[in-house]
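Read the structure below first, then the notes.
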């Protein structure tokens, strides 16, 4: 059984012993008034539970920060009612099978590695670029977790000490410059300064709208992606020196803007790498599993128990 | 048998099956006119080879960049005659025992983990701050190597995009701001601008001399360490988010300056960390093995073969 919990929806899928096509699956909204999200998860798992009781294990991807070793959600910005919630124990108490809990970006990295764009690689970086920027890293076939499972927060390295504030409160993080939110914030700021654009500030444009405007030749939209891609490329050069991967996989909504962000990112990464050896055999590619990456990672993790 | 090769000297030590006190050891200069450094290594190993032929394995720490998986020195800035040298094979051909080759900073990390300040930890960052800045990382009891063994070049992340050029040619790397060379370069630059100091520019001051001047109250020397420590702290905050370690161990000559660099480093790290959870149970400490870290790492690696 694989479970993917997000701020908006909960997905549960029952898989056969082998293969990646679910026997059954269902999704519901994460929140309903008068119900706890954790009870909604338990209820949905129970709905899909097979009559013959044949479930071997459960993998559960959830928004972080969480401690996968302790099985505890520390805090979830998208699900504010959760704070130090021992979710793994709660699920285990109900269903009496082994449960693995991990943060969604880490599990998505694992999913892309086992079933997606990263198959066959041993050293992999996965970046999800959407509202925020998350990451997961596999080195020598091991998912990196760190002491409390809070490693590989790849959106949260300082790339510009005097740059804009990040959602986490710190200045100049990659997420504050190259995420979808940051791209939109830059566009709004420039329009307010008087830069001409076909985009408007109210409501704030989505990264998809900015992407469309860029493809239609809007100079501000093009500049916004170029800026985001350039700083992303600087971060990627750092990550080459830190992880020396054979593949970098980018997922999340912003990655659908393609060359708008990845062309400057690739050029900047290649400019700022300290030794061409790091580029030998390196792939920079987009994710293959799309919105299923977290669920497929939960499946792969459940199977590894 | 453990071997530590540096730009200046080669050390070889023969160890018993257990324990860390060598049965015999010897060091010689790395270079002698008319001789190849690799032949000098082989000769020194042969001198210490026991009559009963009881050597089980050889661990060999050498300056990088090198590929530990292939056993090849790619290039060694301190030993320019080495380029794509298959050193592991050369040693193995001579002595017919398993040989492991690794870069000195990685092996020093491994040495501190097995026999030094990092014993008992599972997630460890080791930074050596001297002429340059090198690093090694252990996560979940595994030394991180990456695809070609070129991971954890911790001195080479960009911390200030418009900062000074690094020895590797890239701008604003940590090494270009917080290494001993960078601290001296900053002092010289400021003296040339007219900043008063008891230090002089010719010959360039060593980090030890700058440290002495700082302890004597020299404002420029104090400012130079404060600047180096501040950027080091920013880099450490990044590394907390990336590796989530339980211990950070700092070695190398500059680490002997103690609080001069570590006080601002610790304060800045604590200021720029995104979540106090990363500081829970975290140690920031100096290396215990000193100049022996690489040799002890080579010993630990040889024993792991």
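Residue numbers (this note's numbering), protein chains in the order written: chain A, 1 to 305; chain B, 306 to 610.
Virtual Cβ for every residue (Gly too), placed ideally from N, Cα, C.
Using a Cβ-Cβ distance cut-off of 8 angstroms, the segment 261 to 274 of chain A and the segment 225 to 232 of chain A are in contact, since at least three pairs of beta carbons, one from each stretch, lie closer than that value.
At the C-beta level, residue 301 of chain A and residue 100 of chain A come within 8 angstroms of one another. Legend: CB atoms of the segment 130 to 162 of chain A lying less than 8 angstroms from CB atoms of chain B belong to residues 139, 140, 142, 144, 145, 146, 147, 148, 149, 150, 151, 152, 153, 154, 156, 157, 158, 159, 160, 161. Rounded to whole angstroms, residue 36 of chain A and residue 213 of chain A show a C-alpha spacing of 41 angstroms. For residue 535 of chain B, the enclosing alpha helix (DSSP H) covers residues 524 to 548. Residues of chain B with a Cβ closer than 7 angstroms to the Cβ of residue 238 of chain A are, in chain order, 462, 463. With respect to the 8 angstroms criterion, residue 402 of chain B and residue 361 of chain B are classified as neighbours on the basis of their beta carbons. Relative to residue 563 of chain B, the option among B:425, B:576, B:351, B:520 whose CA is nearest is B:520. At least one beta carbon of chain A lies nearer than 8 angstroms to the beta carbon of residue 548 of chain B. Counting along the chain, the unbroken alpha helix (DSSP H) around residue 43 of chain A starts and ends at 37 to 48. With respect to chain B, the C-beta atom of residue 275 of chain A has a partner C-beta closer than 8 angstroms. Within the segment 403 to 417 of chain B, no residue has its Cβ closer than 8 angstroms to any Cβ of chain A. Annotation for residue 189 of chain A: the continuous alpha helix (DSSP H) segment containing it runs 180 to 193. Distance from the CA of residue 436 of chain B to the CA of residue 446 of chain B, rounded to the nearest whole angstrom, comes to 28 angstroms.
For residue 476 of chain B, the three-state secondary structure derived from DSSP is strand. Residue environment for residue 202 of chain A: exposed (fewer than 16 other C-beta atoms within 10 angstroms of its C-beta). For residue 195 of chain A, same chain residues with a beta-carbon under 6 angstroms away, outside a window of 5 residues either side, are 220 in chain order. It is roughly 57 angstroms from the alpha-carbon of residue 314 of chain B to the alpha-carbon of residue 5 of chain A. Residue-level contact check: residue 370 of chain B touches chain A, since one or more beta carbons of chain A fall below 8 angstroms from its beta carbon. At a cut-off of 8 angstroms between beta-carbon atoms, residue 539 of chain B makes contact with chain A. By the beta-carbon neighbour count (other beta carbons within 10 angstroms, threshold 16), residue 356 of chain B is exposed.
Residue 21 of chain A carries a coil assignment under DSSP once its states are collapsed to helix, strand and coil. Fewer than three pairs of CB atoms, one per stretch, sit closer than 8 angstroms, so the segment 467 to 481 of chain B makes no contact with the segment 590 to 597 of chain B. Neighbours of residue 246 of chain A across chain B, judged by C-beta separation under 8 angstroms: 452. Between residue 242 of chain A and residue 462 of chain B, the beta carbon gap of about 7 angstroms places them in contact (Cβ cut-off 8 angstroms). Within the segment 116 to 179 of chain A, the runs of beta strand (DSSP E) at least 3 residues long that lie entirely inside it are, in chain order, 124 to 129, 133 to 139. The alpha-carbon of residue 335 of chain B is positioned some 9 angstroms away from that of residue 343 of chain B.
In this structure, the alpha-carbon of residue 367 of chain B lies about 23 angstroms from that of residue 123 of chain A. According to DSSP, residue pairing for residue 396 of chain B in a beta bridge does not occur.
B:380 is the residue among B:398, B:397, B:380, B:554 whose C-alpha sits nearest the C-alpha of residue 390 of chain B. Ranked by how close their Cα comes to the Cα of residue 224 of chain A, the residues A:236, A:60, A:171, A:208 have A:208 in first place.
For residue 197 of chain A and residue 284 of chain A, the gap between their C-alpha atoms comes out near 31 angstroms.
Remark: fewer than three beta-carbon pairs, one from each stretch, lie closer than 8 angstroms, so the segment 99 to 116 of chain A and the segment 271 to 283 of chain A are not flagged as touching.
Between the alpha carbons of residue 493 of chain B and residue 211 of chain A lies a gap of roughly 48 angstroms. Inclusion of residue 294 of chain A and residue 108 of chain A in the CB contact set at 8 angstroms is warranted, their separation being smaller than that value.
Along the segment 162 to 185 of chain A, the positions whose C-beta sits under 9 angstroms from a C-beta of chain B are 166, 168, 169, 170, 171, 173, read in chain order.
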